[in-house]
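Going line by line, the protein sequences match chains A and B. The first sequence stops at residue 258 when you use my numbering, and every number in between is there. The second sequence stops at residue 516 when you use my numbering, and every number in between is there. All residues carry an ideal CB built from backbone N, CA and C; glycine is no exception. Everything numeric in this text was worked out from a predicted model, so none of it was measured. The next block holds one structure in the form of structure tokens; read it before the comments.
Number of protein chains: 2
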Amino acid sequence: MNISIIGAGNMAYFLATRLKKSGHCISCIYARRKSEADKLATLVNSTGTDNPSHLPSETDVFFFALPDLAIQEFVVNFAFHKSLKVHCAGTVPVEVFESKNAGVIWPLYSIKKELLPKVEDVPLFWEGVGQKGKEIISLLAQDLSKNCHEAGLEKRQELHLSAVFVNNFVNHIMTITAQRMQEINLPFKASLQPIIDETISLAMAGESARSQTGPAIRRDEGTMQRHLALIAQHPDWQDIYKAMSTSIQNFYPPVKQE
Amino acid sequence: MNISIIGAGNMAYFLATRLKKSGHCISCIYARRKSEADKLATLVNSTGTDNPSHLPSETDVFFFALPDLAIQEFVVNFAFHKSLKVHCAGTVPVEVFESKNAGVIWPLYSIKKELLPKVEDVPLFWEGVGQKGKEIISLLAQDLSKNCHEAGLEKRQELHLSAVFVNNFVNHIMTITAQRMQEINLPFKASLQPIIDETISLAMAGESARSQTGPAIRRDEGTMQRHLALIAQHPDWQDIYKAMSTSIQNFYPPVKQE
């Protein structure tokens, strides 16, 4: 298919290089700065432009590889009603296009153009309007990754929330723990990598729920009070400790023992 | 050295097999059930017993590989004042032995006798009483692992708290996220493994603090409110979301943008 890409950021690089590799023709790359458009265009044997009116009308699919708020802006004066329009933002509705030739392909992965993912199973979540739209979007998604799932806006919002938990929140736990380890002058990685790796392995094997241990699940109030006292200088971390412990205790019936 | 081990659980298996391999002689294994003592004794060419008075007096080092509360109990009538006594409980003071021949060797690792760790760098934290005690305990620790660190009670308590965060709390985050993914009928592992792996890789590279993203750090109140609405049925998870987000916002000055 003839594909044009609006944007020259991380997602645009991923789309352009993968779709080119899958045999598609990248007709045009648009970016506000022509030099950025040209840089990506050169990579995939395409043409760069900074003028929206130069976008080729014979394009089958336009990818809007833009930040959430920029999609709406760009759509307003977008003239190519016959072409399929696809954006890549997880939490933007497909209705932003006000078109029946529309879809979404969203990666749940932190794509960086300097280091494009080498794996073929980048998780992609797609949505298409109408039967024909669904078919084409599904095929395009499969040309981009071997790990594609249909997911409308509601599912994508749930996925985004899940990512906040397993990425943003886990990252913060690692951050504050690394800081504490530095304070007591012990190496974070050497001390904690084995149990962190085990925690993640169990999660990947679907064993997390069965593997819960620690003072909260065994109702060890003495240890929990001592732990809270250790972080008396960090009321925010105490609140995390209390919220996590309460949630663990309510998740498991009080009879379970370690 | 001549080593006897009190206990025949997970830690006893780890100690007995590793110390034997390092050239020590495992004189005796004690357990309340003789069959359990014998099972481990056979493995390391030792003698099993269920009678504390059969423990050999010529033992250089007694390892108390017992649960926290059982250590105190066993110490009360323990007669071998000249031998070095070592327990393996992170949060039990070495003073439990009321002796100058005493120490602690504690693994920050979930050791299972059915699947003993193959790696040589199980994180071990040790404490010894007096200069001579320190020397011997340090050597014994090095015979058990290549990843040994001196850590008195205070540091071990801090380490235990860190383990609660990176193991118990991360495990619970994985548990509730897996449950939500099941509810929306999307595969947990295929959808989330890449960003989880990336989160952990960044933590191991010491990059967590610099890598924080998400609605909390960019003060995206709209997204945060929508996320809280999605988990309205789970007030415990809302409390986790709020505590984590508040901590993230207080950790980073408000100017930082994604």
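8 Å Cβ cutoff, residue i in contact with chain B
i      : result
A/Q225 : no
A/F169 : yes
A/L186 : yes
A/S27  : no
A/T17  : no
A/V166 : yes
A/P253 : no
A/L84  : no
A/D236 : yes
A/Q131 : no
A/M1   : no
A/H87  : no
A/A31  : no
A/I240 : yes
A/Y109 : yes
A/I248 : yes
C-beta neighbour in chain A for residue i, strict 8 Å
i      : result
B/A448 : yes
B/N359 : no
B/E479 : no
B/R438 : yes
B/P381 : yes
B/N268 : no
B/A490 : no
B/A474 : yes
B/P351 : no
B/I431 : yes
Rounded Cβ spacing between residue i and residue j (contact assumed at less than 8 Å)
i      : j      : result
A/I184 : B/E416 : 5 Å
A/N171 : B/T457 : 5 Å
B/K447 : A/M204 : 5 Å
A/V164 : B/G472 : 5 Å
B/Q470 : B/Y510 : 7 Å
B/V352 : B/V387 : 6 Å
A/L230 : B/L419 : 5 Å
B/K278 : B/I284 : 5 Å
B/A289 : B/A266 : 4 Å
B/Y444 : A/H149 : The question names Tyr, yet the displayed sequence has Leu at residue 444 of chain B. Right, their Cβ atoms sit about 6 Å apart.
Closest Cα partner of residue i within the set the options
i      : options                        : result
B/I498 : A/K21, A/V166, A/L186, A/S110  : A/V166
B/N508 : A/E95, A/W237, A/K85, A/P254   : A/W237
B/P310 : B/T349, B/L411, B/F336, B/N405 : B/F336
A/L115 : A/R180, A/H160, A/M11          : A/M11
A/F125 : A/G90, A/S110, A/R218          : A/G90
B/S315 : B/G281, B/I453, B/I263         : B/I263
B/K506 : A/S208, A/M174, A/A209         : With the sequence shown as reference, residue 506 of chain B is identified as Ile, and Lys is not the correct amino acid for it. It is A/M174.
B/Q389 : B/K413, B/H418, B/K358         : B/K358
B/L302 : B/I261, B/A323, B/H312, B/R291 : Looking at the sequence shown, residue 302 of chain B is not Leu but Val. Cα-wise, what sits closest to B/V302 is B/I261.
A/H227 : B/E412, B/T481, B/I453, B/R477 : B/E412
B/I453 : A/L192, A/P253, A/E221, A/N168 : A/N168
B/D401 : B/R476, B/T307, B/E378         : B/E378
A/K34  : A/H54, A/G23, A/A16, A/A209    : A/H54
A/R218 : A/T49, A/A209, A/V255, A/H234  : A/V255
B/A490 : B/D478, B/L450, B/G265, B/R438 : B/R438
B/F338 : B/D308, B/E356, B/L327         : B/E356
A/K113 : A/H234, A/F14, A/G222          : A/F14
A/A209 : B/E465, B/A436, B/A467         : B/A436
A/R18  : A/L66, A/A141, A/E207, A/Q182  : A/A141
A/S46  : A/D197, A/P67, A/H24           : A/H24
B/R414 : B/C346, B/K404, B/G480, B/V380 : B/C346
A/A151 : A/A65, A/T49, A/E127           : A/E127
Cβ-heavy atom distance, residue i to the ligand SAM, below 7 Å
i      : result
A/I111 : By its list of ligands, the structure shown contains no ligand whatsoever, and the ligand SAM lies outside what it can speak to.
Residue-level contact to chain E via CB, residue i, 8 Å cutoff
i      : result
A/L116 : You won't find chain E in this structure, because its protein chains are A and B.
> Contact between the stretch 65-79 of chain A and the stretch 37-48 of chain A: three or more CB pairs below 8 Å?
Replying inline: no
> What residues in the stretch 393-422 of chain B bring their beta carbon closer than 9 Å to a beta carbon of chain A?
Replying inline: N405, H407, A409, E412, K413, Q415, E416, L417, H418, L419, S420, A421, V422
> Is the stretch 57-65 of chain A touching the stretch 78-88 of chain A in the sense that three or more CB pairs, one from each, lie closer than 8 Å?
Replying inline: yes
>> Give me the subset of the stretch 33-58 of chain A whose CB atoms are less than 7 Å from a CB atom of chain B, sorted by chain position.
In response: none
> Quick one, which residues of the stretch 322-337 of chain B are near chain A if we go by CB-CB under 8 Å, in chain order?
Replying inline: none
> Listed in chain order, which residues of the stretch 196-213 of chain A have Cβ atoms closer than 8 Å to some Cβ of chain B?
Replying inline: Per Cβ criterion, the list reads I196, D197, E198, T199, I200, L202, A203, M204, G206, S208, A209, S211, Q212, T213.
> Is there contact between the stretch 354-367 of chain B and the stretch 395-404 of chain B, where contact requires at least three CB pairs shorter than 8 Å?
Replying inline: Under the three-pair Cβ rule at 8 Å, the stretch 354-367 of chain B counts as touching the stretch 395-404 of chain B.
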